[in-house]
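Some notes on the structure that comes next.
In our numbering, the protein residues as written are 1 to 118.
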């Protein structure tokens, strides 16, 4: 992986971590707000099942947030590696480096197909 691709991947990783921490903080704030402002419970306290459900309702969204952050990191790394591989293949073929990853416009492809002998 080239140096520029690694730097871009690290910068994207830091941005994703910031988003993950922000979403985690927002979720924990909402949970605390719900517990503080929610209706008063029974005098005996919550039963075992109710306690388990409330703990899972707090922890599972956090796990999903960080699963998403982890998947986004891996996707950024794979994109950087794919870009580097494309550049290396282009260099090995001796072609000019493409400006973008988009295929040629349909009008050029249609004109080339029409100009080709049948």
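Just so you know, even glycine gets a beta-carbon here, dropped at the ideal spot from N, CA and C. The structure displayed is predicted, hence computed values, not measured ones.
C-beta atoms of residue i and residue j nearer than 8 Å
i: residue 63; j: residue 16; result: no
i: residue 20; j: residue 66; result: yes
i: residue 61; j: residue 27; result: yes
Cβ-heavy atom distance, residue i to the ligand MN, below 7 Å
i: residue 86; result: With respect to small molecules bound, the structure shown includes none, and the ligand MN cannot be examined in it.
Helix, strand or coil at residue i [DSSP, three-state]
i: residue 95; result: coil
i: residue 54; result: helix
i: residue 48; result: helix
i: residue 68; result: helix
i: residue 38; result: coil
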